[in-house]
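One structure is given below, encoded as structure tokens.
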């Protein structure tokens with residue numbers, strides 16, 4: 010297979026996950042459960058044999074019901090997780106904007122959190138110094154710069170998160186439900202910003218529950234159900250099939 | 006690893022700042038408190054134990070301070086380190102960053118705290134009539150070993166803490182026991198010679214005794230102590246690094 014024009018290639022990627030009694034139990038309970046044979050851990054394939062490839066400028070929408078393995082797949086592409094089986098090839102630097110509002114620290118000020126988040130996304134200090142004012146302006150948080158982060162409303166938090174994240178200049182952009190941020194006015198602004206980034210010719214991967222959005226933006230769609238790849242290809246036909254599948258359920 | 010650190014330097018700096026600010030709640034008193042706590046321990050021990058051990062031990066205040074200085078650094082760094090993975094789960098499950106950054110950043114803020122206490126320690130030495138000597142420079146050796154040892158123990162604990170949340174209670178019992186076994190306020194000369202050797206099995210005791218030999222005896226510790234100090238640090242670090250490598254993916258299931 011040739012990878013020359015491909016930015017993202019997944020070959021038969023599978024991720025094994027474990028669920029069961031192991032979370033939040035102490036050593037004591039672990040030992041007791043092991044002794045009484047009451048310790049159950051189940052393995053399952055959160056992502057099971059997914060293969061597809063994307064080229065520069067592609068915009069992929071991932072659809073599927075809750076627990077279909079969408080977020081896990083994104084983590085694999087973002088190289089936070091390694092696949093248990095299969096191969097992932099990613100050419101270029103990846104910016105993953107997963108669940109924007111988490112990962113902030115409530116005790117730090119807005120300014121400090123902005124820098125911390127910038128650092129997490131791999132920006133340099135110089136870049137943050139230059140961009141800081143426009144980030145705050147875009148998020149409309151001028152009066153809150155030195156307030157503790159926990160005093161912000163959840164809408165403000167997501168607005169800040171989006172404003173920092175939207176400065177990325179990656180080759181591959183991963184968006185997990187980030188387009189639904191803030192009030193209507195801000196949503197308009199953020200969508201415009203997003204479209205501008207996508208328009209630069211990056212490869213974009215978008216997870217969304219809004220089929221309308223997917224139809225509008227994407228040129229390829231991946232449909233996952235319980236980790237399995239149902240369809241990959243043309244958005245219109247797949248979205249129609251998916252809708253029919255949802256209606257039957 | 007160096008290249009990776011360089012790449013994540015900005016993040017690392019921001020993490021250190023965050024941990025430092027959070028620890029001291031951005032107050033001057035915050036820093037004062039954390040300096041005060043080893044001093045209070047010192048004061049209490051000085052008052053209580055002087056009757057029992059102070060008469061047979063030269064420079065008893067300095068003797069005690071060597072013990073509390075080392076032990077409180079160890080205890081602070083490892084306890085802070087323990088929660089480094091769990092506390093930062095929100096970050097490394099969303100962004101691809103090396104997980105040891107979080108542990109190192111907590112260790113940096115503990116080290117700063119240790120550095121400040123160390124300066125007070127030197128002042129106390131002066132007050133206690135200890136003469137400074139070129140050999141004091143050798144103190145960098147046990148400090149470096151201890152830094153590495155703390156990072157190693159911290160990484161083991163932080164990994165365990167992801168899997169078993171009650172480790173923190175078990176560990177606080179363990180540190181209490183370790184404190185009594187580290188000869189902080191008593192002198193091991195009362196034991197038989199081969200019983201004294203058993204104390205060398207305790208890494209913290211080794212670091213404390215290195216300090217005491219230099220500061221109070223004004224002598225250079227023998228080669229065994231040097232080798233042990235290094236070996237304990239190396240073993241702890243290797244064990245910790247192994248755990249991080251082995252469980253790097255597994256952490257994600259638990260958080």
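Chains as they are written, first to last, in this note's numbering: chain A, 10 to 258; chain B, 6 to 260. Even for Gly, the Cβ is constructed at its ideal location relative to N, Cα and C. In this text the structure is predicted, and so the values were computed from the model without any measurement.
Sequence-distant residues of its chain with Cβ nearer than 6 Å to residue i (five each side left out)
i	result
residue 241 of chain B	154, 157, 158
residue 176 of chain B	none
residue 95 of chain A	20, 21, 22, 23
residue 64 of chain B	133, 221
residue 62 of chain A	15, 18
residue 25 of chain B	114
Identity of the residues DSSP links to residue i by a beta bridge
i	result
residue 53 of chain A	A:26
residue 157 of chain A	A:118
residue 62 of chain A	A:18
residue 183 of chain A	A:105, A:214
residue 69 of chain A	A:214, A:229
Distance, residue j Cα to residue i Cα
i	j	result
residue 223 of chain B	residue 138 of chain B	8 Å
residue 245 of chain A	residue 211 of chain A	22 Å
residue 115 of chain B	residue 35 of chain B	13 Å
residue 252 of chain A	residue 258 of chain A	10 Å
residue 117 of chain B	residue 200 of chain B	36 Å
residue 220 of chain A	residue 239 of chain A	16 Å
residue 67 of chain B	residue 48 of chain A	52 Å
residue 221 of chain B	residue 8 of chain B	42 Å
residue 180 of chain B	residue 241 of chain A	56 Å
residue 203 of chain A	residue 185 of chain A	13 Å
residue 104 of chain A	residue 253 of chain B	21 Å
residue 232 of chain A	residue 142 of chain A	40 Å
residue 96 of chain B	residue 204 of chain B	41 Å
residue 168 of chain A	residue 30 of chain B	26 Å
residue 112 of chain B	residue 71 of chain B	20 Å
residue 164 of chain A	residue 148 of chain A	10 Å
residue 101 of chain B	residue 49 of chain B	47 Å
residue 52 of chain B	residue 249 of chain B	43 Å
residue 228 of chain A	residue 120 of chain A	38 Å
residue 75 of chain A	residue 237 of chain A	13 Å
residue 255 of chain A	residue 127 of chain A	39 Å
residue 69 of chain B	residue 130 of chain B	11 Å
residue 231 of chain B	residue 132 of chain A	43 Å
residue 188 of chain B	residue 210 of chain B	7 Å
residue 88 of chain A	residue 209 of chain A	23 Å
residue 115 of chain A	residue 157 of chain A	6 Å
Other residues of its chain near residue i: CB distance less than 7 Å, five sequence neighbours each side excluded
i	result
residue 192 of chain B	58, 61, 62
residue 239 of chain B	none
residue 148 of chain B	none
residue 144 of chain B	216, 219
residue 162 of chain B	83, 86, 87, 172, 176
residue 107 of chain B	20, 89, 90, 93
residue 194 of chain A	none
residue 29 of chain A	49, 50, 51
Cutoff 8 Å; reference residue i; Cβ partners in own chain excluding five residues on either side
i	result
residue 101 of chain A	16, 179, 180, 181, 212
residue 26 of chain A	52, 53, 54, 55, 81
residue 86 of chain A	17, 19, 97, 99, 103, 105, 181, 183, 214
residue 98 of chain B	257, 260
residue 223 of chain A	70, 72, 215, 217, 230, 244, 248
Near-chain A residues of the stretch 91 to 108 of chain B - C-beta to any C-beta below 8 Å: Along the stretch 91 to 108 of chain B, going in chain order, the ones with a CB nearer than 8 Å to a CB of chain A are 95, 96, 97, 98, 99, 100, 101, 102.
Interfacial residues, the stretch 70 to 92 of chain A to chain B, with Cβ spacing under 7 Å: Taking 7 Å as the Cβ-Cβ cut-off against chain B, the residues of the stretch 70 to 92 of chain A that qualify are 87, 88, 89, 90, 91.
Going along the chain, which residues of the stretch 35 to 52 of chain A sit with their C-beta nearer than 7 Å to a C-beta in chain B? Listed by position along the chain: 35, 36, 37, 39.
4 or more residues per run - each alpha helix (DSSP H) lying fully within the stretch 190 to 258 of chain A: Runs found: 193 to 208, 220 to 226, 244 to 257.
Which residues of the stretch 161 to 178 of chain B have a Cβ closer than 9 Å to any Cβ of chain A? Give them in chain order. For the stretch 161 to 178 of chain B, which is checked against every Cβ of chain A, the residues closer than 9 Å are 165, 168, 169, 170, 171, 172, 174, 175.
Give, in chain order, every residue of the stretch 234 to 256 of chain B whose Cβ lies closer than 9 Å to some Cβ of chain A. Within the stretch 234 to 256 of chain B, the qualifying residues are 253, 254, 255.
Length at least 3, wholly inside the stretch 83 to 111 of chain A: the beta strand (DSSP E) runs in chain order: For the stretch 83 to 111 of chain A, whole beta strand (DSSP E) runs of length 3 or above, ordered along the chain, are 94 to 99, 103 to 107.
Within the stretch 41 to 97 of chain B, ranges of the alpha helix (DSSP H) (whole runs, at least 4 residues): With a minimum length of 4 residues, the continuous alpha helix (DSSP H) runs that stay inside the stretch 41 to 97 of chain B are 65 to 87, 89 to 92, 94 to 97.
At a CB distance below 9 Å, what residues from the stretch 16 to 28 of chain B approach chain A? Give them in sequence order. Within the stretch 16 to 28 of chain B, the residues whose Cβ lies closer than 9 Å to some Cβ of chain A are 16, 17, 18, 19, 20, 22, 23, 26, 27, listed in chain order.
What residues in the stretch 164 to 175 of chain A bring their beta carbon closer than 8 Å to a beta carbon of chain B? Flagged: no residues at all.
Taking a cut of 8 Å between CB atoms, which residues from the stretch 16 to 35 of chain A lie near chain B? When C-beta distances to chain B are compared with 8 Å, the residues of the stretch 16 to 35 of chain A below that value are 26, 27, 31, 32, 33, 34, 35, in chain order.
Between the stretch 179 to 210 of chain B and chain A, which residues of the former have CB atoms less than 8 Å from a CB of the latter, in chain order? Correct list: empty, as no residue qualifies.
Along the chain, which unbroken stretches of the beta strand (DSSP E) at least 3 residues long are found entirely within the stretch 123 to 189 of chain B? As for any beta strand (DSSP E) of minimum length 3 sitting wholly inside the stretch 123 to 189 of chain B, there is none.
Any C-beta of chain B within less than 7 Å: which residues of the stretch 196 to 220 of chain A qualify? From the stretch 196 to 220 of chain A, no residue has a Cβ closer than 7 Å to chain B.
Please list, in chain order, the residues of the stretch 134 to 149 of chain A that have any C-beta partner in chain B closer than 7 Å. Under the 7 Å Cβ criterion, the stretch 134 to 149 of chain A contributes 134.
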